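Reviewing the structure listed below.
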Ligand code: BTN
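Numbering (UniProt numbering), first residue to last: 76 to 326.
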């Protein structure tokens, strides 16, 4: 923290050796008024939360942190936080490890086609205004692949597994928080963020399959709309998707 070059993000850092979930802790703190930019970080999570109610494996050696943001935006724009976080993570990974990390829409970071990081954004809103966003980020940094169950070895990876090198966690967190702040300052110029985001996209140009509850859709991911939706060309129509499980299509 001493060397942290930011004005907002990480001005307060709440550290735990072990915790159930940094997102849950940050949410409680945000509800009792903790300021924007505060970060909850833990060495290890016992019940890390993933998207869609899944458990997120968070052993020693990884980066597990949640950042409180209080942007002056409508709840419908909250997905911007996920774009900010994914861009900041991908840039930090590339800067400190030189692996070719890419962003899989909406919120996974991949190396090759394996997941190395995930983001879980949670929101508190009042009337039609965001009160707080909890942006939870998990990065598989300094631990070996066999920490994961063998059934996951073709789906997930760690930076250490990819490079054989460990990266200082303090350095990584510092670079990440600085990157988040730089991107966050452009929150209201979302076009700029999107332009940069697209350069690291894994998803665009690929055939994707979207499973929402009603239907299964296959099409080519062609672009990101200004509101953050994924644009998918299905037959001859371009359709918008805001979330849902997007996967590469294998016939
Ligand atoms: C996903 O890929 O499904 C999202 C994973 C998000 C994990 C991070 S780790 C820090 C923060 N605290 C949590 O409980 N989850 C997020």
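Backbone N, C-alpha and C fix where the C-beta goes; we use that ideal spot for every residue, glycine too.
The model shown is predicted, which means the values in this text are computed figures rather than measured ones.
Check: Proximal residues to residue 223 (C-beta, below 8 Å), its chain only, five neighbours per side dropped; Outcome: 132, 231
Check: Start-to-end residues for the alpha helix (DSSP H) that takes in residue 247; Outcome: 244-259
Check: Limits of the beta strand (DSSP E) - the one that residue 272 falls within; Outcome: Element bounds for residue 272: not the beta strand (DSSP E) but the alpha helix (DSSP H), 265-274.
Check: Check whether residue 87 and residue 110 have beta carbons under 8 Å apart; Outcome: yes
Check: 3-residue-minimum beta strand (DSSP E) runs that sit fully inside the region 107-150, ordered along the chain; Outcome: 114-120, 138-144
Check: Continuous beta strand (DSSP E) assignments of at least 3 residues falling wholly in the region 162-237; Outcome: 176-179, 183-186, 189-201, 204-214
Check: Cα-Cα separation, residue 240 to residue 284; Outcome: 35 Å
Check: Through-space distance from residue 236 to residue 220, alpha-carbon basis; Outcome: 6 Å
Check: Nonlocal neighbours in the same chain, by C-beta distance under 8 Å from residue 189, ignoring five residues either side; Outcome: 229, 230, 231, 232
Check: Residues near residue 166 by beta carbon distance below 7 Å, same chain, minus five either side; Outcome: 254
Check: As assigned by DSSP and simplified to three states, the class of residue 240; Outcome: coil
Check: Pairwise C-alpha distance: residue 182 and residue 194; Outcome: 6 Å
Check: Contact the region 142-158 vs the region 252-266: 3+ CB pairs below 8 Å; Outcome: yes
Check: Residue of 304, 282, 288 minimising C-alpha distance to residue 296; Outcome: 282
Check: For residue 138 and residue 218, the rounded distance between their alpha carbons; Outcome: 11 Å
Check: Classification of residue 216 by the beta-carbon crowding that lies within 10 angstroms, buried from 16 upward; Outcome: buried
Check: Whole-angstrom distance between residue 154 and residue 142, CA atom to CA atom; Outcome: 15 Å
Check: Near the ligand BTN: residue 175 beta-carbon under 7 Å from a heavy atom; Outcome: no
Check: Distance cut-off 7 Å: residue 124 Cβ against heavy atoms of the ligand BTN; Outcome: yes
Check: Rounded straight-line distance, which links the Cα of residue 225 to that of residue 161; Outcome: 26 Å
Check: Near the ligand BTN: residue 97 beta-carbon under 7 Å from a heavy atom; Outcome: yes
Check: Residue 248 and residue 140 closer than 8 Å at C-beta; Outcome: yes
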